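Visitor: Protein sequences appear in the order of chains A and B. 253 is the number of the first residue of the first sequence in my numbering; add one for each residue after it. 253 is the number of the first residue of the second sequence in my numbering; add one for each residue after it. By construction, the Cβ of each residue, glycine as well, lies at the ideal position given by its N, Cα and C atoms. Model, not experiment: these values are computed from the prediction. The structure follows.
Number of protein chains: 2
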Amino acid sequence: MPSPKPQSFKAPTGTRDLYPEEQLRQRYITDVWRRVSLRHGFDEIDGPTFEHSGLYAVKSGDGILGELFQAFSGKSPDEIAAVRDTGRAPFALRPEFTPTLARMYAARANQLPKPVRWFSVCNYFRAERPQRGRLREFLQWNADVIGLSGDASPAQKAEADAELVVMLAESLAEFGLSASDLAIRVNDRETVGERIEALGIGVDRAEDVLRLLDAWAKMDPGARKARAREIGLSDDQLAGVASIMEDAIDSGPTRALIDLATGLVPEATVRADPSIVRGLAYYTGTVFEAIAEGERAVAGGGRYDNLIELLGGPPTPACGFAMGDVVLGNLLDDKGLMPSGQDMLEALSKPMPVRPDAFVIASNDEAAAQVVPLVAQLRRGTLADDAPERKPWDDARFAVPPLHARRSSKATRNVGKLLKEASQHYARFAVIIESPDSASIKDLDANAQTSSPVPLAEVAGAVSRRDLSAYL
Amino acid sequence: MPSPKPQSFKAPTGTRDLYPEEQLRQRYITDVWRRVSLRHGFDEIDGPTFEHSGLYAVKSGDGILGELFQAFSGKSPDEIAAVRDTGRAPFALRPEFTPTLARMYAARANQLPKPVRWFSVCNYFRAERPQRGRLREFLQWNADVIGLSGDASPAQKAEADAELVVMLAESLAEFGLSASDLAIRVNDRETVGERIEALGIGVDRAEDVLRLLDAWAKMDPGARKARAREIGLSDDQLAGVASIMEDAIDSGPTRALIDLATGLVPEATVRADPSIVRGLAYYTGTVFEAIAEGERAVAGGGRYDNLIELLGGPPTPACGFAMGDVVLGNLLDDKGLMPSGQDMLEALSKPMPVRPDAFVIASNDEAAAQVVPLVAQLRRGTLADDAPERKPWDDARFAVPPLHARRSSKATRNVGKLLKEASQHYARFAVIIESPDSASIKDLDANAQTSSPVPLAEVAGAVSRRDLSAYL
Numbered sequence: 253m254p255s256p257k258p259q260s261f262k263a264p265t266g267t268r269d270l271y272p273e274e275q276l277r278q279r280y281i282t283d284v285w286r287r288v289s290l291r292h293g294f295d296e297i298d299g300p301t302f303e304h305s306g307l308y309a310v311k312s313g314d315g316i317l318g319e320l321f322q323a324f325s326g327k328s329p330d331e332i333a334a335v336r337d338t339g340r341a342p343f344a345l346r347p348e349f350t351p352t353l354a355r356m357y358a359a360r361a362n363q364l365p366k367p368v369r370w371f372s373v374c375n376y377f378r379a380e381r382p383q384r385g386r387l388r389e390f391l392q393w394n395a396d397v398i399g400l401s402g403d404a405s406p407a408q409k410a411e412a413d414a415e416l417v418v419m420l421a422e423s424l425a426e427f428g429l430s431a432s433d434l435a436i437r438v439n440d441r442e443t444v445g446e447r448i449e450a451l452g453i454g455v456d457r458a459e460d461v462l463r464l465l466d467a468w469a470k471m472d473p474g475a476r477k478a479r480a481r482e483i484g485l486s487d488d489q490l491a492g493v494a495s496i497m498e499d500a501i502d503s504g505p506t507r508a509l510i511d512l513a514t515g516l517v518p519e520a521t522v523r524a525d526p527s528i529v530r531g532l533a534y535y536t537g538t539v540f541e542a543i544a545e546g547e548r549a550v551a552g553g554g555r556y557d558n559l560i561e562l563l564g565g566p567p568t569p570a571c572g573f574a575m576g577d578v579v580l581g582n583l584l585d586d587k588g589l590m591p592s593g594q595d596m597l598e599a600l601s602k603p604m605p606v607r608p609d610a611f612v613i614a615s616n617d618e619a620a621a622q623v624v625p626l627v628a629q630l631r632r633g634t635l636a637d638d639a640p641e642r643k644p645w646d647d648a649r650f651a652v653p654p655l656h657a658r659r660s661s662k663a664t665r666n667v668g669k670l671l672k673e674a675s676q677h678y679a680r681f682a683v684i685i686e687s688p689d690s691a692s693i694k695d696l697d698a699n700a701q702t703s704s705p706v707p708l709a710e711v712a713g714a715v716s717r718r719d720l721s722a723y724l
Numbered sequence: 253m254p255s256p257k258p259q260s261f262k263a264p265t266g267t268r269d270l271y272p273e274e275q276l277r278q279r280y281i282t283d284v285w286r287r288v289s290l291r292h293g294f295d296e297i298d299g300p301t302f303e304h305s306g307l308y309a310v311k312s313g314d315g316i317l318g319e320l321f322q323a324f325s326g327k328s329p330d331e332i333a334a335v336r337d338t339g340r341a342p343f344a345l346r347p348e349f350t351p352t353l354a355r356m357y358a359a360r361a362n363q364l365p366k367p368v369r370w371f372s373v374c375n376y377f378r379a380e381r382p383q384r385g386r387l388r389e390f391l392q393w394n395a396d397v398i399g400l401s402g403d404a405s406p407a408q409k410a411e412a413d414a415e416l417v418v419m420l421a422e423s424l425a426e427f428g429l430s431a432s433d434l435a436i437r438v439n440d441r442e443t444v445g446e447r448i449e450a451l452g453i454g455v456d457r458a459e460d461v462l463r464l465l466d467a468w469a470k471m472d473p474g475a476r477k478a479r480a481r482e483i484g485l486s487d488d489q490l491a492g493v494a495s496i497m498e499d500a501i502d503s504g505p506t507r508a509l510i511d512l513a514t515g516l517v518p519e520a521t522v523r524a525d526p527s528i529v530r531g532l533a534y535y536t537g538t539v540f541e542a543i544a545e546g547e548r549a550v551a552g553g554g555r556y557d558n559l560i561e562l563l564g565g566p567p568t569p570a571c572g573f574a575m576g577d578v579v580l581g582n583l584l585d586d587k588g589l590m591p592s593g594q595d596m597l598e599a600l601s602k603p604m605p606v607r608p609d610a611f612v613i614a615s616n617d618e619a620a621a622q623v624v625p626l627v628a629q630l631r632r633g634t635l636a637d638d639a640p641e642r643k644p645w646d647d648a649r650f651a652v653p654p655l656h657a658r659r660s661s662k663a664t665r666n667v668g669k670l671l672k673e674a675s676q677h678y679a680r681f682a683v684i685i686e687s688p689d690s691a692s693i694k695d696l697d698a699n700a701q702t703s704s705p706v707p708l709a710e711v712a713g714a715v716s717r718r719d720l721s722a723y724l
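Right, here's the structure in full:
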């Protein structure tokens with residue numbers, strides 16, 4: 253039998269061969285994503301790499317639908333016949349995670365806790381033209397808070413939105429990106445929609461106006477005027493659109509979200525920006541993006557309160573964001589924030605905080621206001637004095653390292669019930685806040701509890717050292 | 253605009269929705285795969301999820317080619333037209349890793365060190381009928397040693413084969429699977445082929461005989477005889493085939509591999525089995541499988557010395573194996589070897605041994621024979637006396653924990669050059685074996701070296717404790 257002739261193949265356009273050095277860089281990015289998610293009490297999930305194509309027709313929008321990689325079984329005569337007949341295949345390589353996530357939640361909505369906090373780190377596929385920052389296969393981190401308990405009020409939704417914006421901000425800090433490198437810009441699609449409607453602009457032109465807002469910062473006054481003419485706006489209406497940009501959104505959900513988030517994020521990294529629209533058709537209210545200079549979006553997300561119902565589940569509020577590895581990797585390179593050599597190997601050797609270090613509860617209404625700030629402080633850690641001189645992957649940057657902290661979603665103040673919930677999460681310590689400035693700590697492994705009050709400022713240190721002896 | 257009607261979607265047949273609990277189980281499996289690979293000095297890589305379909309036509313064999321999931325860009329008029337025209341798509345979702353790996357090695361053969369030790373943990377796709385142990389999307393761990401230096405001798409190839417078989421055995425031990433749960437069965441396709449030829453059986457019927465050997469253990473003598481008739485074997489030839497089974501393979505590469513491996517694996521888990529054939533067309537010599545009772549193959553691999561040349565690279569010896577997550581997960585469940593609850597969270601919190609703990613070198617020829625055994629001992633760790641009563645994920649099972657150990661592939665005894673290589677791998681310690689029973693240890697971070705000899709039996713403890721003070 254003659255030997256086959258040698259053939260040379262390359263990776264398909266827009267995909268990557270990850271040799272060991274490039275794979276370490278990907279691991280660094282995905283390790284940070286996982287570590288930050290776990291610390292914030294999110295559970296990891298995953299779904300199929302391909303889905304029924306129809307799943308994306310529900311709400312993903314034309315941008316995504318036009319760029320699907322389609323797939324079919326080459327073993328199935330029926331599928332082959334259908335593809336030959338229609339030019340369309342029954343499956344699509346996932347272009348994004350939200351439809352899978354919504355489908356998975358809808359299928360088990362009755363059994364799942366409310367809310368669930370889910371994250372995933374998976375690969376995605378879009379048949380767009382490859383260019384800097386865009387590939388046809390890429391990784392994405394997704395994090396979502398789905399299914400608030402009861403009839404979620406605007407305040408409860410804002411709290412879930414803020415939880416995600418804070419986690420996004422913490423992830424950027426973990427990569428060493430500061431407020432001067434990039435800002436998180438938030439907006440509310442509903443509020444902007446109402447403002448546009450109030451200018452007497454019909455629903456049929458609202459999408460054009462959103463696109464004008466999206467491009468606003470990159471246009472000079474002449475270009476804005478020309479574009480306004482094209483889409484049929486009067487001079488008064490253009491002035492009205494300009495006023496939306498100028499006074500930003502200083503009321504409603506955006507204000508509530510910014511107030512909540514800025515109280516928990518150390519630097520002023522969160523601000524309103526009515527030009528943030530997001531391309532996906534399923535967003536219903538809050539939308540946000542992390543944007544670096546050069547207007548590169550590193551991450552984006554928003555609230556999609558209708559999608560789970562559209563996929564056969566009960567009406568379910570939901571909010572989430574996604575961050576891709578390509579723009580982020582370029583940005584870390586540009587800023588000198590990607591470790592290499594021994595630094596890289598050590599950065600990748602850190603343990604993952606899978607088990608909760610602390611489950612924080614309040615024993616009375618007065619103490620309850622301290623739960624969210626203490627949880628945020630535990631998750632963030634305390635920087636050492638010389639932190640600014642240290643690299644982001646250097647553990648010595650922290651006087652007290654960031655911890656995995658969780659809290660209850662229940663309204664009860666019954667400490668017995670809440671301690672039971674702490675055990676169900678396998679938390680190492682339960683932190684019971686008893687007054688606005690002190691707590692007791694229970695070591696759930698050793699079944700030992702502090703007898704003298706622990707000042708809230710000392711909780712992180714005691715939990716981190718796994719040492720309650722000063723308070724027993 | 254009327255609201256769209258709710259639609260209900262399920263995951264495509266044979267794929268999985270991984271809710272948090274199932275995702276933890278997958279993480280447990282992939283964490284063990286990664287940890288064992290890293291300890292054995294393998295570097296992680298990855299490739300595209302889909303490849304040009306032609307890549308699999310080179311040597312994957314009809315079994316795989318018939319079960320490809322095909323993919324195309326739904327944005328490309330040319331690709332859509334081609335699919336409509338031919339019923340075949342330009343891309344295939346990867347059904348296995350070896351062709352990608354061989355393509356990647358071939359593309360950089362000149363720059364890469366010889367050999368490379370590469371591993372990957374990726375998802376794969378086959379359009380086969382889903383059943384217990386088989387899914388249409390699954391995970392697989394691949395590990396390969398590619399490109400031995402110089403003209404590799406049979407002995408050098410056997411050493412690379414043994415390295416992989418030993419790592420496979422260590423991974424099974426890490427999962428808590430013992431020699432009584434499953435054995436690694438090895439064979440040499442070339443030797444068996446020669447034995448078949450010597451019986452006067454033509455090349456055209458050799459494949460049929462290999463299939464008969466594959467099914468041998470499951471058939472009674474009557475069924476064997478009937479099958480032999482069908483494929484045109486005489487009674488004498490059938491007796492000859494039986495003799496291949498009976499005397500196994502007690503010479504050549506299989507013997508060499510077993511001798512090398514059994515010296516390094518604690519229990520007798522490796523044995524010859526001429527019925528091991530493996531379905532893939534690219535195997536050229538050694539083949540092996542890890543088979544549990546019920547004849548379920550948990551892992552399999554072999555030598556593919558021609559594939560890289562067929563993909564445009566230089567002639568390159570290569571050997572590797574793969575282990576899937578589905579059969580393995582079922583087996584761990586059946587044996588009670590899958591952690592749950594707090595055990596699971598703690599098992600997943602362990603640090604990954606990305607940085608080498610030790611780089612082992614020999615300062616003279618007499619000491620050189622100790623390198624491989626010491627490296628194997630460091631990687632395996634030392635069990636505590638009460639290990640049999642402990643779960644596989646319990647760190648207290650070890651008196652000295654398993655370490656990440658590497659060694660040079662170079663023949664030189666120049667200690668200066670070898671220490672330089674240790675530094676290039678960012679090893680924490682260099683272990684310089686100086687006699688058949690002692691070494692000196694250099695702390696490469698502190699730049700301090702032992703002055704009194706360290707007995708080889710004490711090396712693992714000193715490196716593991718990161719404490720050389722007793723020998724300074």
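Output needed in chain order: residues of the segment 320 to 331 of chain A with a Cβ under 8 Å from some Cβ in chain B.
Guide: Listed by position along the chain: L320, F321, Q322, A323, F324, S325, G326, K327 and S328.
Visitor: Looking at the strands, I want to know which residues DSSP matches up with B:A729.
Guide: Shown here, chain B extends from 253 to 724; a query on residue 729 of chain B therefore has no answer.
Visitor: Could you tell me which whole alpha helix (DSSP H) segments of length 4 or greater appear in the segment 336 to 405 of chain B?
Guide: Counting only runs of 4 or more, we get 350 to 359.
Visitor: Cβ of A:N375 less than 7 Å from any chain D Cβ?
Guide: You won't find chain D in this structure, because its protein chains are A and B.
Visitor: Could you confirm whether any beta carbon from chain B is found closer than 7 Å to the beta carbon of A:S716?
Guide: With 7 Å as the cut-off, A:S716 does not count as an interface residue toward chain B.
Visitor: At which residues does the beta strand (DSSP E) containing B:R658 begin and terminate?
Guide: Counting along the chain, the beta strand (DSSP E) containing B:R658 begins and ends at A657 to R659.
Visitor: Run through the DSSP bridge pairs and tell me what A:S305 is partnered with.
Guide: In DSSP, A:S305 forms no bridge with anything.
Visitor: Using a threshold of 7 Å, state whether the C-beta atoms of B:R555 and B:T536 are closer than that.
Guide: In this structure, B:T536 lies closer than 7 Å to B:R555 by Cβ.
Visitor: What does B:T267 touch in chain A if you count any residue whose Cβ is under 9 Å from its own?
Guide: Chain A residues near B:T267: G299, P300, T301, F302 and E303.
Visitor: Going along chain A in order, which residues have a C-beta closer than 7 Å to the C-beta of B:K366?
Guide: Ordered by position in chain A, no residue passes the 7 Å Cβ test against B:K366, which lies about 15 Å from the chain.
Visitor: Does the beta-carbon of A:K409 have 16 or more other beta-carbons within 10 angstroms, so that it is buried, or is it exposed?
Guide: Classification of A:K409: buried, given that the 10 Å Cβ count is 16 or more.
Visitor: If you follow the beta strand (DSSP E) that A:N439 is in, where does it begin and where does it stop?
Guide: L434 to D440 is the extent of the beta strand (DSSP E) around A:N439.
Visitor: Looking at the secondary structure, which residues open and close the alpha helix (DSSP H) in which A:L561 lies?
Guide: Looking at the sequence itself, residue 561 of chain A is Glu, so the reference to Leu does not match. Looking at the DSSP string, the run of the alpha helix (DSSP H) that includes A:E561 is L559 to L562.
Visitor: Taking Cβ positions, are A:A682 and A:L696 nearer each other than 7 Å?
Guide: Result yes, Cβ atoms of A:A682 and A:L696 sit closer than 7 Å.
Visitor: In chain B, what lies closer than 9 Å to A:L307 by C-beta?
Guide: Near A:L307 (Cβ distances below 9 Å), the residues of chain B are Q259 and F261.
Visitor: What do you get for A:D314, buried or exposed, if any count of 16 or more other CB atoms within 10 angstroms of its CB means buried?
Guide: That one is exposed.
Visitor: Looking at B:G299: is its Cβ nearer than 7 Å to the Cβ of B:T265?
Guide: Not closer than 7 Å, so no.
Visitor: If you follow the beta strand (DSSP E) that A:S687 is part of, which residue opens it and which one closes it?
Guide: A:S687 -> beta strand (DSSP E) spans F681 to S687.
Visitor: What does the alpha-carbon distance come out to for the pair B:R457 and B:I528?
Guide: Roughly 17 Å between the two C-alpha positions.
Visitor: Can you find a heavy atom of the ligand MG that lies under 6 Å from the Cβ of B:A494?
Guide: No copy of the ligand MG appears in this structure; indeed no ligand is present at all.
Visitor: Would you mind reading off the limits of the beta strand (DSSP E) that contains B:V612?
Guide: Note, B:V612: beta strand (DSSP E), A610 to A614.
Visitor: Between the segment 472 to 482 of chain A and the segment 557 to 573 of chain A, do at least 3 Cβ pairs fall closer than 8 Å?
Guide: Not touching, per the Cβ criterion.
Visitor: If you run the structure through DSSP and keep just helix, strand and coil, what is A:M604?
Guide: The answer is coil: DSSP assigns A:M604 none of H, G, I, E or B.
Visitor: So which residues of chain B does A:P264 contact, with C-beta pairs closer than 7 Å?
Guide: Under the 7 Å cutoff, chain B gives P300, F302, E303, H304 and F343.
Visitor: Taking Cβ-Cβ distances shorter than 9 Å, what residues in chain A pair up with B:V606?
Guide: Near B:V606 (Cβ distances below 9 Å), the residues of chain A are L276, R279, M596, L597, E598, A599, L600 and S601.
Visitor: First and last residue of the alpha helix (DSSP H) that includes A:A508?
Guide: From DSSP, the alpha helix (DSSP H) with A:A508 extends over G504 to T514.
Visitor: Taking C-beta pairs closer than 8 Å, name the residues in chain B that A:Y271 reaches, listed in chain order.
Guide: Going along chain B in sequence order, the residues near A:Y271 (Cβ under 8 Å) are I297, M356 and R360.
Visitor: Rounded to the nearest angstrom, what separates B:P254 and A:H656 at their Cα positions?
Guide: With a pLDDT of 47 at B:P254, under the threshold of 50, the modelled position of that residue is not reliable, and no figure is offered here.
Visitor: Go ahead and label B:V652 buried or exposed: buried means 16 or more other beta carbons lie within 10 angstroms of its beta carbon, across all protein chains shown.
Guide: Looking at its Cβ environment, which holds 16 or more other Cβ atoms inside 10 Å, B:V652 is buried.
Visitor: Is there at least one Cβ from chain A nearer than 7 Å to B:L562's Cβ?
Guide: Taking Cβ atoms only, chain A reaches closer than 7 Å to B:L562, which makes this a yes.
Visitor: Of all the residues that make up the segment 384 to 398 of chain B, which are near chain A by a beta-carbon distance shorter than 7 Å?
Guide: Listed in sequence order: E389.
Visitor: Enumerate, from N- to C-terminal direction, the unbroken alpha helix (DSSP H) stretches of 4 or more residues contained entirely within the segment 523 to 603 of chain B.
Guide: DSSP runs (the alpha helix (DSSP H)) wholly in the segment 523 to 603 of chain B: 559 to 562, 577 to 586 and 593 to 599.
Visitor: What does DSSP give as the partner residues of B:Q701 in its beta bridges?
Guide: The partner list for B:Q701 (beta bridge, DSSP) reads B:K694.
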